[in-house]
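So the protein lines, in turn, are chains A and B. Remember, my numbering sits 766 above the position in the first sequence when you count from 1. Remember, my numbering sits 766 above the position in the second sequence when you count from 1. Yeah, the Cβ is synthetic: ideal placement off N, Cα and C, and Gly gets one too. Predicted model only: the values in this text are computed from it and were never measured. Note sheet for the following structure.
Number of protein chains: 2
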Amino acid sequence: MFSKATEYALRATIYLAKKSSPDKKIGIGEIAKAIDSPPSFTAKILQSLTKDNTLVSSVRGPNGGFFLTENAKKLPVRAILIAMGEDEVLEKCVLGLKRCSEVQPCPMHEQYKSIKQLLIKLFTNKSIQQLANEIKEGEVYISNKINHQ
Amino acid sequence: MFSKATEYALRATIYLAKKSSPDKKIGIGEIAKAIDSPPSFTAKILQSLTKDNTLVSSVRGPNGGFFLTENAKKLPVRAILIAMGEDEVLEKCVLGLKRCSEVQPCPMHEQYKSIKQLLIKLFTNKSIQQLANEIKEGEVYISNKINHQ
DNA sequence: ATAAATAAAGATAACTTTATCCTTTATTGT
DNA sequence: ACAATAAAGGATAAAGTTATCTTTATTTAT
Ligand code: FES
Ligand code: FES
Numbered sequence: 767m768f769s770k771a772t773e774y775a776l777r778a779t780i781y782l783a784k785k786s787s788p789d790k791k792i793g794i795g796e797i798a799k800a801i802d803s804p805p806s807f808t809a810k811i812l813q814s815l816t817k818d819n820t821l822v823s824s825v826r827g828p829n830g831g832f833f834l835t836e837n838a839k840k841l842p843v844r845a846i847l848i849a850m851g852e853d854e855v856l857e858k859c860v861l862g863l864k865r866c867s868e869v870q871p872c873p874m875h876e877q878y879k880s881i882k883q884l885l886i887k888l889f890t891n892k893s894i895q896q897l898a899n900e901i902k903e904g905e906v907y908i909s910n911k912i913n914h915q
Numbered sequence: 767m768f769s770k771a772t773e774y775a776l777r778a779t780i781y782l783a784k785k786s787s788p789d790k791k792i793g794i795g796e797i798a799k800a801i802d803s804p805p806s807f808t809a810k811i812l813q814s815l816t817k818d819n820t821l822v823s824s825v826r827g828p829n830g831g832f833f834l835t836e837n838a839k840k841l842p843v844r845a846i847l848i849a850m851g852e853d854e855v856l857e858k859c860v861l862g863l864k865r866c867s868e869v870q871p872c873p874m875h876e877q878y879k880s881i882k883q884l885l886i887k888l889f890t891n892k893s894i895q896q897l898a899n900e901i902k903e904g905e906v907y908i909s910n911k912i913n914h915q
């Protein structure tokens with residue numbers, strides 16, 4: 767559904783929502799290990815997410831690293847998709863028509879539109895924080911490797 | 767959601783379901799025009815779908831072309847995804863974990879699983895023929911260009 | 001001030017996807 | 001048989017994705 771880059775972005779951001787704060791920054795090494803992703807690629811992705819500083823924040827130097835502000839944690843998961851330039855996936859026509867709408871619907875549209883609405887609702891209504899909380903609540907994972915913390 | 771190749775495969779197959787039969791074969795030129803796709807790329811894709819001859823069929827030479835058998839038209843849309851090697855999209859974890867299951871669910875899983883089931887059901891229960899019929903019934907399109915036939 | 005730590009930036013490489021074009025093979029009608 | 005037609009197959013190329021590594025810039029602690 768999403769690109770590898772966006773999958774890593776989602777997992778990394780959720781991890782940051784769970785573990786970081788403005789005075790507890792997390793290094794790329796720990797992040798990549800926690801979400802089971804390639805470190806340097808993940809670095810590049812987080813770098814791009816810090817561009818406007820509303821989603822992911824970072825500081826360099828000792829005790830530096832990446833973190834989310836309280837405001838960032840309240841953002842909808844969809845904000846990550848938007849930042850990654852992959853929000854369109856939620857709006858796209860399943861058959862690849864340029865526009866998915868009632869105006870010129872494809873043969874799947876009538877049946878797909880309700881699923882599409884559920885997808886959009888899910889990514890819009892769920893906040894990054896809410897997802898992070900689910901990890902705390904128990905048997906929910908953000909990595910392929912089960913890590914006993 | 768799907769690759770360009772799979773989008774073209776879906777549109778082309780639906781078009782063939784609507785227009786072709788074992789004694790009415792359609793050339794790649796007409797198909798590509800009808801579904802607004804790059805002709806040679808579409809040819810390659812259909813070529814790959816004729817490999818096992820259960821989905822798309824073809825014959826060369828004059829009056830040759832691509833077509834679907836009555837059996838092929840009855841197949842679920844999902845058969846196209848399987849033939850394109852992209853069926854996994856329906857089963858995948860939204861966050862990119864290697865397995866999407868209750869065993870090691872990601873933070874999105876609890877909310878996503880019902881949407882996933884709807885997606886799987888849609889692609890499994892809808893037949894290629896049913897989609898093609900919707901085009902006949904009226905204002906439903908398979909191309910970006912509105913073509914008055 | 002200096003050294004250490006850490007992200008940012010840049011270059012590059014491997015692989016995949018998308019796409020085109022040319023040649024070959026099979027089929028049909030004459 | 002022969003010519004025309006249309007898909008099959010192969011080579012290739014452009015663009016995008018995934019990934020790594022090296023150098024630079026910034027921050028902190030001593
Ligand atoms: S037009 Fe194809 S899904 Fe809406
Ligand atoms: S485990 Fe992530 S969606 Fe099911």
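- For ligand 1, a non-hydrogen atom lies closer than 7 Å to the CB of A/C872.
- Annotated three-state conformation of A/K790 is strand, per DSSP.
- Straight-line spacing of the CA atoms in A/C872 and A/K785 works out to 44 Å.
- Placement of the Cβ of A/H875 at a distance of 7 Å or more from every heavy atom of ligand 2 is found.
- Judged by beta-carbon spacing, A/N829 lies beyond the 8 Å limit of A/K882, meaning their Cβ atoms are not closer than that value.
- Boundaries of the alpha helix (DSSP H) harbouring B/V855: E854 to E857, taken from the DSSP string.
- If you draw a straight line from the Cα of A/I797 to the Cα of B/E852, it is about 30 Å long.
- Between the alpha carbons of A/A845 and A/M874 lies a distance of about 27 Å.
- A/V825 has A/G831 as its beta-bridge partners, per DSSP.
- Annotated as proximal: A/Q877 and B/L888, with beta-carbon spacing under 8 Å.
- Residues of chain B whose Cβ lies closer than 8 Å to the Cβ of A/V855 are, in chain order, M767.
- Taking a C-beta cut-off of 8 Å against chain B, the contacting residues of the stretch 773 to 792 of chain A are E773, Y774, L776, R777 and I780, listed in chain order.
- Proximity to B/E857 across B/N837, B/A838 and B/S880 peaks at B/S880, based on C-alpha coordinates.
- Within chain A, the residues placing a beta-carbon under 8 Å from that of B/K864 are N910, ordered along the chain.
- The bridge partners DSSP lists for A/P842 are A/S893.
- Residue range P805 to L815 is occupied by the alpha helix (DSSP H) that includes A/L812.
- In this structure, DSSP gives B/N819 a state outside helix and strand, which the three-state scheme calls coil.
- At a cut-off of 7 Å, the beta-carbon of B/L861 counts as near ligand 2: some heavy atom of the ligand is closer than that.
- For A/Y878, the shortest C-beta to heavy atom distance toward ligand 1 is below 7 Å.
- Annotation for A/C866 indicates a beta carbon at 7 Å or more from all heavy atoms of ligand 2.
- In this structure, A/G862 and B/E900 do not form a Cβ contact; the two beta carbons are roughly 17 Å apart against a cut-off of 8 Å.
- When B/Q870, B/A809 and B/I780 are compared, the shortest CA-CA separation from B/S893 is found for B/I780.
- Counting along the chain, the unbroken alpha helix (DSSP H) around B/K770 starts and ends at K770 to K785.
- Burial state of B/F807 is exposed, judged by a 10 Å Cβ sphere holding fewer than 16 other Cβ atoms.
- In the displayed model, A/S880 falls within a helix according to three-state DSSP.
- Across the set B/G827, B/N837 and B/I794, the C-alpha of B/N837 shows the shortest separation from the C-alpha of B/S787.
- The C-beta distance from A/I794 to A/S909 rounds to 15 Å, too long to meet the 8 Å contact threshold.
- Taking 8 Å as the CB threshold, A/E900 lines the interface with chain B.
- Taking C-alpha positions only, A/P805 is separated from A/Q895 by approximately 23 Å.
- For B/Y907 and A/K864, the gap between their C-alpha atoms comes out near 11 Å.
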